[in-house]
C-alpha cells in the first residue's frame, strides 16, 4: 500500500524506568497526616474523606527518565506508539505505563451485526504515515486537525502505517467503539527488511510463527482493539509461503479466542507460491489466505471483470471480500476523489464489500481551511451506497462533539479558550444531510465549532421551511431495538438568532416488533410516526439535568423533556422537527443549535441516578513525580495520577487542582487542568508556588467523575490527593516526624 507521507511517531522501545518518589517513600494511608501533624512546619489539615490520599515530597531535581516508548521526550505527555520490528514485537510486555493506551470504551451495540449477510464498508486510514497529533493520548492544542466522524456508514476502521506493528492510537479506538465500529491495527512487512522478518518467523517450525501470532493477539486483547490487517508486501521463500496460511489460521483462532468479535483481514499481495504479485481480485492463486481468516482486502487496480470473477469465487462469503478503492486515485483505477462513487456502484452491483483507502485525501488534497464542508460533501456522494448502522441499546446520549474545538464547553459554559483535539472526547455522531425540498425550502445539518453544550461543537440545524408547509424534519439517528413501555427524550438546544418564530421537537418512528428484520430492511412495512408530548414537571432525576440550563438558561440554551408510551414495537428512527406558527407566503428561514439529545427508558431512571451518585472512587496513587525549574523563580511539577472507578459508570473524569499553603482557613480557587478518558492522568509542567524556608506548601488534585447521565457527582464523592512539598533545606526532625 502507498502512504502519502511519513512522520516519526515519537520514539522507540525502552526499558521501563522506576520513578524516584522522593525521600519520604510511597503513598501514605488516608488520614495519616491528620494523625501525625508536624508542629515545626505549622501544618494544620482538616480531616479528609476515605477517597483522599496524602503524600509528602521533598523537592528533588535528580534525573528520573520515563520510558521513551510511552511518553513524549520533551513534555512527558503519554503517547501512543508502534513497534518497529520482529524483535520489538516478541519482546513486548505490558507495564503500568501502558495504562494510558488501553481503551476503556466498550464496543457499542449496533444493528445489524457484522456477520449479517449484507455488504460491508471498511475504511483504511492512511494519513501522512500516522501517529501525528493523534498520538497524544490526552489531546493536543491543535487548530483544524483531521477528524473522522461519519462512523454510521462503516463497519471496520483500520489504522494503517508503514511501521511493522501499527497499534491504533487509543483515541481512535475510543471513538470507533463509541460509534459501534471495529478497530484493527496493521501488521506489515515490506521490501528486503520485510523478507528478513518473514524468513525469521515463517521458515522455521510452528513454534516461531505461533509465538508471533500469540503476541499479536495478546496485544489486541491488552489494548482492547479488535484485530489485524495482515499486509505482506515482499517475496516469500517456498517454506515461508507454505507456512503463511498456517500462521494466518493460527492468528485468526487466537484473535477469536482473546478478542470478542475479533477480525483478521488479509491484503491481496502475495500468491500461494510466495511471489509478490497483486491480483486485484480473489482467485485460485491467493484464496488459500482468504480461506483461513475473516476477510480479504483486494488491491485497487481492478476492472469490472475482476469483480465478476471475485464474486463468483467468494460465493456466499462475498461480504467478506473488501474491494480496495484508493481515494487518491493512484494507478490504473476506475475512479478517485469525489468520483469514487463510480467504483462503489460497480462493487455493490456484485454484492461485495468495499475498502476505502486513504479518505484523508479530502484533508490532504483540499486542505484544512474548509475541511468539514468538504468531508460532508465526500460522504454525502457515497451515502446511497453505504448501508448505515443503527443504535442497538438504551440509554442513548450525545452532545454531538467531534472531539475537536476552538474552545471547550461544559454545561453550556466556556471552560477553555484554546484550540484542542482529542478523539476520545468525540461523541456519537448523527447523519449529516444537505438537500433541497421539492416544494421549496431547504435543510442542512452540519457541525458548528462556534458554540456547544459540551465538548467543542454542536449540531447546526439550518434551512428554510417552505411557504406551503408548517415544518421540516431532519433525520438524525437510526435505531434497532425494542421500544420500552415509556420512553423519555431530553433535548437541549438554542436558536442561533434570537426571536426566531420556530420551535424544535423530537419525533420517532417505530416498526411492528414481529416485522423487524434488519437483514432485509426492504421487507419492512411503512413506519409509524410518533411525536412525544412535552413534560412540564419531569421526574426528579431528569430535573437535575435540566436545571443546569433551565427553560431559558444562560447563553440562550433551552431544555425540554418529552415522554412517549409504546406497546409491542421496535424503535426505528429519531428526527428533530422544526415548526413555525406564522402565516404567510414566504419561506421561513431558521438556524438552531442542538447541544444534547438523551433518549432513555423511563423505567431505568432510578438505576441511572444510583450510578451517578453512589459509585465509589478509590484513593489516588501518584507515580513519576518530576520537579522542574524553568527559571530561578518558577517551579513546576509533572506527575501521574491513577485511581479506580466502576467501569462504564463515567464517560470521562475532570481533573482539578488547588495550589497554596497548608494553613487552615485558606482555600485557593479550584482550577480545571484537564480531562481524562481512562482512570489515569498525567499532569505536565504545572506551575506551583515556591515553598518558603519555614513552611510547606500544598497542591490538591481532585478527580471528578462525569457520568453519562449528565447528573453531577457530589464533590464529596470525588477522588482527592493532597501533595505536601517542602524545600530540602527545611528541617526534617522534630515531634511527629519520620526518620
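In this note's numbering, the protein residues as written are 357 to 1095.
Note that the Cβ used here is the ideal one computed from N, Cα and C, for glycine as well.
What's the C-alpha gap between residue 715 and residue 835?
Here the question's residue 715 lines up with position 359 in the chain shown. Here the question's residue 835 lines up with position 479 in the chain shown. Going from the Cα of residue 715 to the Cα of residue 835 covers about 27 Å.
At a cut of 8 Å, does the segment 772-780 reach the segment 819-826 through at least three beta carbon pairs?
no
So residue 475 packs on residue 724, CB below 8 Å; how close in whole Å?
If you number the chain shown from 1, residue 475 lands on position 119. If you number the chain shown from 1, residue 724 lands on position 368. Not quite, the Cβ-Cβ distance comes to about 32 Å (not below 8 Å), so this is no contact.
How long is the line joining the alpha carbons of residue 1080 and residue 428, rounded to whole angstroms?
Here residue 1080 is taken as the residue at index 724 of the chain shown, counted from 1. Here residue 428 is taken as the residue at index 72 of the chain shown, counted from 1. Straight-line Cα distance between these residues: approximately 27 Å.
List the DSSP bridge partners of residue 543.
Position 187 of the chain shown, counting from 1, holds the residue named residue 543. Paired residues: 521, 586.
Compute the distance between the beta-carbons of residue 485 and residue 755, then report whether it is under 9 Å.
Mapped onto the chain shown, residue 485 falls at position 129. Mapped onto the chain shown, residue 755 falls at position 399. No, Cβ-Cβ distance for residue 485 and residue 755 is not below 9 Å.
By alpha-carbon positions, which one of 577, 637, 583, 644 ends up nearest to residue 597?
Stepping through the chain shown from its first residue, residue 597 is reached at position 241. With distances taken between CA atoms, residue 597 lies nearest to 644 out of 577, 637, 583, 644.
Within the segment 767-806, ranges of the beta strand (DSSP E) (whole runs, at least 3 residues):
769-772, 790-792, 798-804
Helix, strand or coil: which one does DSSP assign to residue 513?
Counting from one through the chain shown, the residue named residue 513 turns up at place 157. Three-state result, residue 513: strand.
Grouping DSSP H, G and I as helix and E and B as strand, with all else coil, what is residue 640?
Residue mapping note: residue 640 aligns to position 284 of the chain shown, counting from 1. Coil, per DSSP.
If you draw a straight line from the alpha carbon of residue 878 to that of residue 1034, how long is it in whole angstroms?
Looking up residue 878 in the chain shown gives position 522. Looking up residue 1034 in the chain shown gives position 678. Caution is warranted here: a pLDDT of 47 is assigned to residue 878, below 50, making its placement in the model unreliable, and no coordinate value can be reported.
Rounded C-beta distance between residue 928 and residue 866? I'm assuming under 8 Å.
Here residue 928 corresponds to residue number 572 of the chain shown, with the count starting at 1. Here residue 866 corresponds to residue number 510 of the chain shown, with the count starting at 1. Their Cβ separation, rounded to whole angstroms, is 5 Å, which keeps residue 928 and residue 866 in contact under 8 Å.
Would you give the residue range spanned by the beta strand (DSSP E) that residue 856 belongs to?
Here the question's residue 856 lines up with position 500 in the chain shown. Per DSSP, residue 856 belongs to no beta strand (DSSP E) and is neither H nor E.
Just to confirm, is the Cβ distance from residue 914 to residue 849 under 9 Å?
On the chain shown, position 558 is the one that residue 914 refers to. On the chain shown, position 493 is the one that residue 849 refers to. A distance below 9 Å separates the beta carbons of residue 914 and residue 849.
Which residue or residues does DSSP assign as beta-bridge partners of residue 892?
For the purposes of this step, residue 892 is taken as residue 536 along the chain shown, with counting starting at 1. Per DSSP, none; premise fails for residue 892.
Take residue 1075 and list the residues in its own chain whose beta-carbon comes closer than 6 Å to its own, dropping the five residues that flank it on each side.
In the chain shown, residue 1075 corresponds to position 719, counting from 1. Residues of the same chain with a CB within less than 6 Å of the CB of residue 1075, apart from the 5 flanking positions on each side, are 407, 973, 976, 999, 1059 in chain order.
Can the beta-carbon of residue 587 be found closer than 9 Å to that of residue 542?
Within the chain shown, numbered from 1, the residue matching residue 587 stands at position 231. Within the chain shown, numbered from 1, the residue matching residue 542 stands at position 186. Yes; because the gap between Cβ atoms is below 9 Å, this pair is in contact.
Leaving out five residues on either side along the sequence, give the residues of the same chain with a beta carbon under 8 Å from the beta carbon of residue 522.
For the purposes of this step, residue 522 is taken as residue 166 along the chain shown, with counting starting at 1. 438, 486, 515, 516, 541, 542, 543, 544.
Take residue 440 as the anchor and find which of 452, 414, 417, 546 has the nearest alpha-carbon.
Within the chain shown, residue 440 is the residue found at index 84, counting from 1. Looking at the Cα atoms, 546 is the closest of the given residues.
Boundaries (first-last residue) of the alpha helix (DSSP H) holding residue 986
On the chain shown, position 630 is the one that residue 986 refers to. Unbroken run through residue 986 is the beta strand (DSSP E), 977-987; no alpha helix (DSSP H).
Cβ contact check for the segment 733-746 and the segment 1030-1045: 3 or more pairs under 8 Å
Contact annotation: the segment 733-746 does not touch the segment 1030-1045, with fewer than three C-beta pairs closer than 8 Å.
Using a Cβ distance threshold of 8 Å, determine whether the segment 568-575 contacts the segment 488-505, with at least three qualifying pairs required.
no
Counting beta carbon pairs with one atom in the segment 648-660 and one in the segment 618-630, are three or more of them shorter than 8 Å?
yes
What are the residues that DSSP puts in a beta bridge with residue 345?
Outside the shown range of the chain (357 to 1095) lies residue 345, about which nothing can therefore be said.
Contact check, residue 982 vs residue 432 under 8 Å by CB: the rounded distance?
To locate residue 982, count along the chain shown from 1; it is residue 626. To locate residue 432, count along the chain shown from 1; it is residue 76. Contact holds; Cβ gap of about 7 Å.
I need the straight-line Cα distance from residue 933 to residue 1070, nearest angstrom please.
The residue given as residue 933 occupies position 577 in the chain shown. The residue given as residue 1070 occupies position 714 in the chain shown. Using only the alpha carbons, I get a separation of about 36 Å.
Cβ shell of residue 503 (< 6 Å), same chain only, five flanking positions each side left out
Indexing the chain shown from 1 puts residue 503 at position 147. These residues qualify, in order along the chain: 758, 760.
Through-space distance from residue 452 to residue 706, alpha-carbon basis:
Looking up residue 706 in the chain shown gives position 350. Looking up residue 452 in the chain shown gives position 96. So the two alpha carbons sit approximately 48 Å from each other.
Top-ranked residue by Cα proximity to residue 772, from 410, 1078, 1031
Indexing the chain shown from 1 puts residue 772 at position 416. Of 410, 1078, 1031, the residue nearest in Cα terms is 1031.
Buried/exposed call for residue 548, threshold 16 Cβ in 10 Å
Position 192 of the chain shown holds residue 548. Classification of residue 548: exposed, given that the 10 Å Cβ count is below 16.
So is residue 813 buried or exposed if we call it buried at 16+ other beta carbons inside 10 Å?
Residue mapping note: residue 813 aligns to position 457 of the chain shown, counting from 1. By the neighbour-count rule (16 or more Cβ atoms within 10 Å), residue 813 is buried.
Alpha-carbon to alpha-carbon, residue 797 and residue 884:
What you label residue 884 is simply residue 528 of the chain shown in a count that begins at 1. What you label residue 797 is simply residue 441 of the chain shown in a count that begins at 1. Each residue's alpha carbon lies about 25 Å from the other.
Which two residues bound the contiguous alpha helix (DSSP H) that contains residue 914?
In the chain shown, counting from the first residue as 1, residue 914 sits at position 558. Segment 914-921 is the beta strand (DSSP E) holding residue 914; no alpha helix (DSSP H) there.
Unbroken beta strand (DSSP E) run spanning residue 578, endpoints
The residue labelled residue 578 in the question sits at position 222 within the chain shown. Per DSSP, residue 578 lies in no beta strand (DSSP E) segment; the continuous alpha helix (DSSP H) that holds it begins and ends at 562-579.
CA nearest to the CA of residue 793, picked from 671, 477, 943, 699
Position 437 of the chain shown, counting from 1, holds the residue named residue 793. Answer by Cα proximity: 943.
Go to residue 719, then tell me how far its alpha helix (DSSP H) extends in each direction, as first and last residue.
Residue 719 sits at position 363 when you count from the first residue of the chain shown. First-last of the alpha helix (DSSP H) with residue 719: 717-722.
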